[in-house]
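Read through the structure below, which is laid out as C-alpha cells, and then see the notes.
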Amino acid sequence: MNKGPLITLAHGNGGRFMRELIEDVFARHFGTQQLDPGLDAAPIALDPEMVAVVSTDGFIVEPLQFPGGDIGALAVHGTCNDLAVSGAVPRFLTLGAMIEEGLPLATLETIVASIAAAARENDVAIVAGDTKVVPRGHGGGLYLTTTGVGERMPGCSLGLGTIRAGDEVLVSGPIGDHAVTVLLEREEFDLSGGLASDCASLLPFCQPLANMAGVRFMRDATRGGLATVAHEILRGTGLGIELRESDIPVRDEVQGVCEILGYDPWYLACEGRVVAVVDPAIAAEVEALWRTLPGGEQAARIGSVNGSAHGVVLRTELGGERMLEELEDDPLPRIC
Ligand code: MG
C-alpha cells in the first residue's frame, strides 16, 4: 500500500524540510497568530487575579489512532483535563513532537489536525512547540509531550486536605472504555461491538464544580483507573474508601473483555472520566448535573470515604468485600 510521502531524518535537521514541516503541517493547523517569529519564546498574558497553574504529560500510546480518538486528542485533552480537575481553566499549551523516521506524512497531518481540533474544543492556544525526528526503530511512530498553563479560579479550595470521613465518591461515566478500545485495536480482536475511547474534554464536568461549596477533590481517572484514584485519596488523607461494585458504571463490552482476558475494570485507564469527592449534602446535585452533560448520562454515586475502612474496599455485587490493592504490574503498557 502506498502511504505517500514519509517523514525522513531531514525533517528534523533544522533546515528547509524542517521549516516546511512546521509551516505546512503544524503552523497551518494551529494558526500562527500567537507565534511571533521575532522571539524564541512565546509571551503569555495571564489574569493577575488568578493563580497560574501548570501541568505536563507525555503520550506514547500504541496504536497512534483508535476508535474515538488518537494520540493528538489524548495529548491535548489529557493535559487540559489535569488543569480542569485542579479547578483551572486551560489557557495555553506547548507541544513537543518526537517523530520516528518513516511515519507517513498523511498520518502526522491527521494527528496534527486532531490536536488543533481538541485545542479549539478546550479554547486553549498552542503557543510554543518543538519537533524532533528519531531514526527508524528508535521511536513508536510519534511521541507527544504537552505542557498546559491555566488560571485557577479565585476561592477554589479543591484538595485532598479538605476530604472528610462520610464524603461521597462519584464518577462521571463508565470506566475502562479507553483501555479496552486501545487493547482491542492493538490485538486486532474482533470483540469491540462498537466500543470507542472516552477521550474527551472534562472542562464541562469540572468547571461548574470548581467553586461549588462542598466539592472537595477531583481527579481524572487515567492510567491505573478508578482504583488508583482511590489509592491517591487513601494515601493523601489516611481515610479508607469503600466502593460499591453494583453502582460503578461499566459497559457490557468492557466487562466482557475483562472476563475473557482476566482484567479488573477498576484498574483500567479512562481518558474522559472524572472522579469527585463531595460533601454528601450535594452528591445528588452533582450527579444530576453531570447526567445532563454529553458523556455524563451514566454518572453515578459509587462509594464513600470511610473513616473505619483500612484501604480501598470494593463491596461486591454478592455482598462480599474485596480489598483493591495498589496497582503493581502494568496490565496494559503504552495505553496513553
Ligand atoms: Mg490526571
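Per our numbering, the sequence shown starts with residue -18, numbered consecutively.
All residues carry an ideal CB built from backbone N, CA and C; glycine is no exception.
Just so you know, these numbers come straight off a predicted model, no measurement behind them.
Leu45 and Gly219 have their C-alpha atoms some 39 Å from each other. Residue side-chain check: Gly68 keeps its Cβ at 8 Å or more from all non-hydrogen atoms of ligand 1. Gly136 sits exposed, since fewer than 16 C-beta atoms from the chains shown fall within 10 Å of its C-beta. CA-to-CA, the gap between Val105 and Asn(-6) works out to about 29 Å. Short of 6 Å from the beta carbon of Glu102, and not among the five residues preceding or following it, lie these beta carbons of its own chain, in chain order: Ser182. In the assembly as shown, His159 is a buried residue. Its beta-carbon has 16 or more other beta-carbons within 10 Å. For Glu213 and Thr(-11), the gap between their C-alpha atoms comes out near 43 Å. Around the C-beta of Met304, fewer than 16 other C-beta atoms lie within 10 Å, and the residue is accordingly described as exposed. Under the three-pair Cβ rule at 8 Å, the stretch 221 to 241 does not count as touching the stretch 113 to 125.
Counting along the chain, the unbroken beta strand (DSSP E) around Gly110 starts and ends at Ala106 to Val115. Not one heavy atom of ligand 1 is found less than 8 Å from the C-beta of Asn103.
In the three-state scheme derived from DSSP, where H, G and I count as helix and E and B as strand, Val42 is classed as coil. Here Phe170 is exposed. Its C-beta has fewer than 16 other C-beta atoms within 10 Å. Along the stretch 155 to 231, the alpha helix (DSSP H) occurs as fully enclosed runs of 4 or more residues at 158 to 168, 184 to 191 and 206 to 218, listed in sequence order. Between the C-alpha atoms of Asn287 and Leu207 there is a straight-line separation of about 17 Å. Per DSSP, Phe7 lies in no alpha helix (DSSP H) and is assigned neither H nor E. In the three-state reduction of the DSSP assignment, Asp51 falls in the strand class, which pools E and B. At a threshold of 8 Å, Asp311 does not count as near ligand 1, since its beta carbon sits no closer than that to any of the ligand's heavy atoms.
Annotation for Ile(-12): no alpha helix (DSSP H) segment contains it, and DSSP assigns it neither H nor E. In this structure Val256 does not touch Val161 by the C-beta definition: roughly 18 Å separates them, more than the 8 Å allowed. By the Cβ-count criterion, Asn62 is buried, with 16 or more other Cβ atoms from all chains shown falling within 10 Å of its own Cβ. With respect to the 9 Å criterion, Cys239 and Asp245 are classified as neighbours on the basis of their beta carbons. Counting only beta-carbon distances shorter than 6 Å to the non-hydrogen atoms of ligand 1, the qualifying residues in chain order are Asp63, Asp201 and Thr203.
Collapsing the DSSP output to three states places Tyr248 in a helix.
In the displayed model, Glu266 falls within a helix according to three-state DSSP. Residue pairing of Ala281 in beta bridges, as defined by DSSP: Val152.
Cβ neighbours of Leu249 within its own chain (closer than 6 Å, five residues either side excluded): Gly157, Ala160 and Gly206. In this structure, Met79 lies near Thr126, with their beta-carbon atoms less than 9 Å apart.
Straight across, the Cα-Cα distance linking Ile92 with His(-8) is about 17 Å. Membership of Ile80 in the beta strand (DSSP E) is indicated by the continuous run Ala69 to Glu81. Per the C-alpha coordinates, the member of Asn(-17), Phe198, His58 and Ile241 positioned closest to Ala87 is Asn(-17). Excluding residues up to 5 positions away in sequence, Thr126 lie with their Cβ nearer than 6 Å to the Cβ of Gly39 in the same chain. Beyond the five residues adjoining it in sequence on each side, Val294 comes within less than 8 Å, by CB distance, of Gly221, Ile222, Glu223, Leu224, Asn287, Glu302, Arg303, Met304 and Leu305 in the same chain, given in chain order.
Under the three-state reduction of DSSP, Ser36 is assigned to strand.
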